[in-house]
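Residue numbering for the sequence shown follows the working numbering, beginning at 401 and increasing consecutively.
Glycine is no exception: its CB is placed at the ideal position from the N, C-alpha and C atoms.
Below is one structure, written out as structure tokens; comments come after it.
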Amino acid sequence: MDAAATTVPKDDCLVSTKWLAENLTQPNLYVLDASMNKVVGRTPLEYNELTVIPKAFNLKLEEHLTDTSAKLPNTFPTAEQVTLHIQHLGINTSDTIVVYDNQGIYSAPRAWVILKAMGFDKVFILDGGLPQWLADNYSVTDKYAIASGRRGDFVASFESNWLVNKKQVLKATQSGAHSIIDARTRERFLGQKEEPREGMRSGHIRGSYNLPFLDVLDDNKFKKPEVLEELLVDLICTKSPNIICTCGSGITACILLIAARLAGYSNVQLYDGSWSEWGADPQLPIGTFSQNQQLATSN
């Protein structure tokens with residue numbers, strides 16, 4: 401990758417801390433902090449004070465890129481929401497966005513999926529996020545950038561093929577044409593641990609496989625593509641490598657979505673409702689015994 405370039409390869413998901421540091425002063429580059437207040441499924445990294453990559457805006461993912469009027473938590477935003485917020489930050493369609501979060505890799509993939517699904521072309525994830533930036537001894541600040549007041553020209557247009565709904569997931573469980581992969585911890589997947597949301601059933605979508613999101617990470621960064629491919633190959637339907645990613649409420653499933661793309665799979669979709677929707681509907685079939693276990697038993 402040419403470190404002096406102001407753009408990155410179109411089909412790539414990630415940029416390194418080195419690339420960002422060398423391009424940080426480019427006027428058409430926007431850095432967005434997609435950190436979340438609530439972290440589930442891992443021990444949160446905590447900071448004594450606000451620690452921000454220079455030039456970064458606070459994306460406020462849970463507020464501005466979430467449909468807070470929806471019944472389900474962390475629901476995908478509307479195109480109007482995304483348009484208003486991205487324009488408010490002064491971002492144009494031709495600009496380049498780098499998203500990161502303060503956990504390394506946690507909620508930045510969610511921001512990436514949202515922006516890609518809304519038609520933004522040049523958006524990338526900082527591999528390793530803020531922890532890697534700090535580990536590489538790059539400078540930080542204690543203040544977010546402030547929008548200049550100039551409105552950008554980006555207009556979001558939702559591309560529905562990025563998502564699937566519960567009816568499509570149910571059909572997928574019956575047809576076998578998709579591999580459904582769950583990013584939650586193994587204990588939650590197997591129904592051995594109570595769900596964090598009151599009244600929620602325990603278990604998993606019947607026919608789904610478990611790949612906890614931490615398993616695709618090497619400390620704060622994504623594992624190498626060849627390692628990710630090895631993790632995924634036994635979970636993918638060889639006849640039709642279509643993947644549906646799910647989790648508790650659509651956040652960490654996006655980590656699996658990125659991992660699958662890095663491993664070379666292009667037909668990857670997000671079940672945004674995830675277990676918060678599926679587990680709450682008694683008419684939808686669940687399982688409590690992992691198909692991963694069945695594979696291990698038969699080998």
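Boundaries of the alpha helix (DSSP H) harbouring L628: P625 to V633, taken from the DSSP string.
The distance from the Cβ of Y544 to that of A456 is about 6 Å, consistent with a contact at the 8 Å cut-off. In the three-state scheme derived from DSSP, where H, G and I count as helix and E and B as strand, K471 is classed as coil. In the structure shown, C645 falls within a strand segment according to DSSP collapsed to helix, strand and coil. A direct Cα-Cα distance of roughly 7 Å separates F520 from T493. Residue burial is scored here from C-beta neighbours: L617 has at least 16 other C-beta atoms within 10 angstroms and is therefore classed as buried. The C-alpha of L461 lies about 14 Å from the C-alpha of S649.
Check the Cα spacing between V668 and each of G687, L632 and W675: the tightest is with L632. Boundaries of the alpha helix (DSSP H) around A572: K566 to S575. Per DSSP, the beta-bridge partners of Q669 are I644. A residue is called buried once 16 or more other Cβ atoms fall within 10 Å of its Cβ, and L459 is buried on that count. The residue among L465, V540 and Q426 with its C-alpha nearest the C-alpha of S507 is L465.
Runs of the beta strand (DSSP E) lying entirely within the stretch 533-618 and spanning at least 3 residues, in chain order: 578-582. In this structure, L432 lies away from V513, with their beta-carbon atoms at least 7 Å apart. Residue burial annotation: I580 is buried, with at least 16 other C-beta atoms found within 10 angstroms of its C-beta.
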